[in-house]
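Chains as they are written, first to last, in my numbering: chain A, 166 to 327; chain B, 336 to 948.
The beta carbon of each residue, even a glycine, is placed where N, CA and C say it ideally should be.
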Amino acid sequence: MAETDLLEGVRVLRDEVLETVHHGDREPPGAEVFEAVLRALAVGGESVPGLDLALHDAVARRLAWGDGEEVVLADAEAVFDRLLGAVERAFRDPADQMVVVEAATLVAVTVSRVVALAAVSRASRERAARLREEMAQRQLQEAIERETSTIALLEDELKRGY
Amino acid sequence: MTAPPLRMAGDTHVGRVRKTNEDSLIVEPRAGLFAVLDGMGGANAGDVASRTARDAIRDFVLLRRASLGPKQLLEQALQAGNSAVHLAAQRSREHHGMGTTVVACLVGESGRTVIAHVGDSRAYLLRDGRLQALTRDHTVVEELVERGLLAAEEAGRHPHKNVLSRNLGSRPQARVDVQEISMQGGDRILLCSDGLYGYASAEGIQYLLGSGDAPEHVCRDLIELALRGGGGDNVSTIVLEAPTRTPAPTSTQVVRTTGATAWWQKRQRFLAVAKERGLTKNPIVRGLDPKEALEVVAQSLCEAVFHDLEKSTGVNVWTFAQNLAGAWFERGGDWAAVRGLIDILSAGARAVIDEVSAADPQLGFLLDVAVSRAFVVAELALGGLLSDRLQKVDTDLIQLIAQNDTLDSAIEEPSDTGERFTERPTIPFLRPERPVTSPGVSSEVLDGIHKTVTIARARTAPRAELVKQVLVALDAIAAENSVSFATAVLSARELYGVRAADDAGIMPLFDALDQARVITTASVHQIHASEASRARVLRAISTAHQRLVGATTGLVLEAVAPYSERLRDVQATTAKLREQLERAERRRAALERKFAANTDPSSPWDDHGDTEP
């Protein structure tokens, strides 16, 4: 099958793979993975220039909208499984199946790496935030100690009849 | 300047996207001049620019090489190229604004080498297996990095990373960077356009450049690598190799050259002895025409030995022995026939070695050792097959005994109703006590998975231990069951070990996973199986790969989870402290008001009352 035909062949599997019927007008979860597979198929080869960046953007957007990393990862896995099943059924030529499986694996590995890096970045941000909190706690402790001693002084003065 | 005794090759390709090739090459071994030029500008102007500069540079070097030192010569040659392009651009409106990058190399006597460049075409040096860039791109981003205005790690993501800050042709004078290095024996220099390094990884370039293949093969393979990476631009490469002092040929080299040739020249003798000893009557070739039998068996082994001698490997003889005996055993053939055939072939080989020894005893001795080794390899391959057969017999026996036990217990089972037969299912897979093992992987796919992983491991660089571990894990996961996560998680835990949850900790692991993906994908295409089988094997391995990377990412998420929890705990403590402070502040304020009221009765505090809750 020619490259463009193969691409079109995979494109028509979108609804099946992403189960769009269950999601109505909303963007189905894992759509970014499917789009990345199409992109990988369009470019071809062992590595696809820009795939990392595109997936990084898509994953970052999902995380920003409140999806957890586990959810993004699970969606990617579900899309991978459904795509492999759909391709085995839809493409008769094993060579075509192999091309799509290769692209899907490339995307699966890339998504996992992007999610892992996002998690690691979040962890380092949280580590920094914790340090800031601990600094703030130290300052708060000092302020509380100052207030406590002032209160003790004032109470003492008031007891003495001022 | 006399021509240096270099090995060199250059090649260029239009790529997969562009319609014209705007790159040009200079390969002038007589003058020791080599260059790659990458033209730019619309309406084929890039092509014109690179060709104009190429001709001007080459002419300048050929004319002036006797009168100028190498450094001056190359720098002025590039200036001449710049002037030629600049003038041509001024003369023609359609070529206005055209330019070209250039990286040029002038190799002198005793390895003294001058390298000059303008733009983003690069020169690399491979020395002792290590690749280092000799040039720094003249791009806006690189200049910003050099001046400390941009961090190096941001450079790769900068939107203007490909915008050139210098080229030949845009200005009357070009700023040329020139440097001099000394080439040592075995060094390799690569000159290339951005169509190579933009679409091929540095590891891939290093691997091919250091492969030891001839420069022309390296050039071809590098271009192939860039094309497989997308081939979005014209690709040009020149590979130069400094000669090493030729030592006396080693025994291996003698066998690879003279020995292999001598063997091949005596192949008729080999065939004649095989025929004399009765090869054509062996049961394995029964049914074949005698001539055909000789061709299929003796000629094939003769060729396999020849190729293995040439390459100092045993892979051809191994494959021959496995294919021959494997097919025979599958047809139910016996061991004696295989043994007899190998003995006949061995006698043929002995006759050839004796003839060679008679003419040249030293060569005969070396050939004897090498051919004997080839036959040992064949015996090992047969040993492997026999071992597989024994295992199969063992398994069959165990199953047979189990079936007999089941049958005995069924017969002995007392029946109250007097019925002779129970309703116990006899079809094995309906037995409820049947252990669940690998329902999704057929033996054919299993075999394909093992073969793929074996090939992949052989293709993996010796030091890439992590990649090898990933391959072992993939083998286990794919063979276990493509839908099972347990093995994937266990394997991921082993791979993850005690890594730190940061970029430096996890990136090598993900790089290894990606490399394993590339290697296994390529290896699947090398196994001997139908396309449909290969597709099934690839699917199984890819699923295993997805599971493994998923599990690894899961471990990363698990490792970073405590950071969130700790942050939440710390934030809760901070909130408590803030509340405590607020309470203390309110208490102090109340006390101050009381204190003020006591000291000054006219104070307004009393009217407002105490605000303490």
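Among the residues facing chain A, B:Asn-658 is not included, as its CB has no counterpart in that chain under 8 Å away.
A:Val-202 has a beta carbon lying at 8 Å or more from every beta carbon in chain B. Only Asp-837, Asp-838, Ile-841, Phe-845, Leu-848, Asp-849, Arg-852, Val-853 from the segment 837 to 854 of chain B bring a Cβ to less than 7 Å from some Cβ of chain A. Scanning B:Glu-690, B:Lys-786, B:Leu-623, B:Ala-793 for the CA closest to the CA of B:Ile-876 turns up B:Lys-786.
DSSP places B:Glu-576 within a strand segment (E or B) once states are collapsed to three.
Put simply, the segment 364 to 373 of chain B touches the segment 429 to 441 of chain B. At least three CB pairs are less than 8 Å apart. Taking a Cβ-Cβ cut-off of 7 Å, the neighbours of B:Gln-915 in chain A comprise Ile-309, given in sequence order.
Taking 8 Å as the upper bound for CB-CB distance, A:Leu-216 and A:Arg-204 are in contact here, some 6 Å apart. Per the coordinates, the alpha-carbon of B:Phe-845 lies some 31 Å from the alpha-carbon of B:Ile-524.
One finds Ser-877, Thr-878, Gln-881, Gly-885 in chain B with Cβ atoms closer than 9 Å to the Cβ of A:Phe-245, taken in chain order. DSSP places B:Asp-373 in the strand class (E or B) of the three-state scheme.
For the segment 609 to 658 of chain B, the full-length alpha helix (DSSP H) segments reaching 4 residues or more read 625 to 628, 635 to 646 along the chain. The three-state reading of DSSP puts B:Ala-796 in coil, since its state is none of H, G, I, E or B.
The beta carbons of B:Ala-595 and B:Phe-664 sit no closer together than 8 Å.
At a C-beta separation below 7 Å, B:Tyr-898 has these neighbours in chain A: Ala-288, Glu-291, Arg-292. For A:Val-274, at least one C-beta of chain B is nearer than 8 Å to its own C-beta. Of the residues assessed, A:Trp-230 falls on the exposed side of the cut-off, its CB having fewer than 16 other CB atoms within 10 angstroms. Boundaries of the alpha helix (DSSP H) around A:Val-265: 259 to 324. For B:His-421, no beta strand (DSSP E) segment is defined; the enclosing uninterrupted segment is the alpha helix (DSSP H) at 405 to 426.
When the Cα atoms are used, B:Glu-900 and A:Val-280 turn out to be separated by approximately 19 Å. For A:Ala-284, the closest of B:Ala-931, B:Thr-909, B:Leu-916, B:Pro-897 by C-alpha to C-alpha distance is B:Pro-897. Here B:Pro-618 has Ala-672 as same chain residues with Cβ atoms under 6 Å from its own Cβ, once five neighbours each way along the sequence are excluded. Residues of chain B with a Cβ closer than 9 Å to the Cβ of A:Val-198 do not exist, since the nearest Cβ in that chain sits about 11 Å away.
In the DSSP assignment, B:Ile-361 falls within the unbroken beta strand (DSSP E) covering 358 to 363.
Taken in chain order, the whole beta strand (DSSP E) runs of length 3 or more contained in the segment 473 to 554 of chain B are 512 to 517, 523 to 527.
DSSP, read as helix, strand or coil, puts A:Val-177 in coil. Here B:Gly-885 is not near A:Glu-197, since their CB atoms are 8 Å or more apart. For B:Gly-564, the residues of chain A that pass the 8 Å Cβ criterion are Gly-210, Glu-211, Ser-212, Pro-214, in the order they occur in the chain.
Scanning its chain for C-beta atoms nearer than 6 Å, with the 5 sequence neighbours on each side dropped, one finds around B:His-493 the residues Val-476, in chain order. For a Cβ distance threshold of 7 Å, residue set Ala-836, Asp-837, Asp-838, Ile-841, Val-891, Val-895 of chain B lies close to A:Val-285, ordered along the chain. For B:Gly-350, the closest C-alpha among the options B:Leu-526, B:Arg-555, B:Val-511 is that of B:Arg-555.
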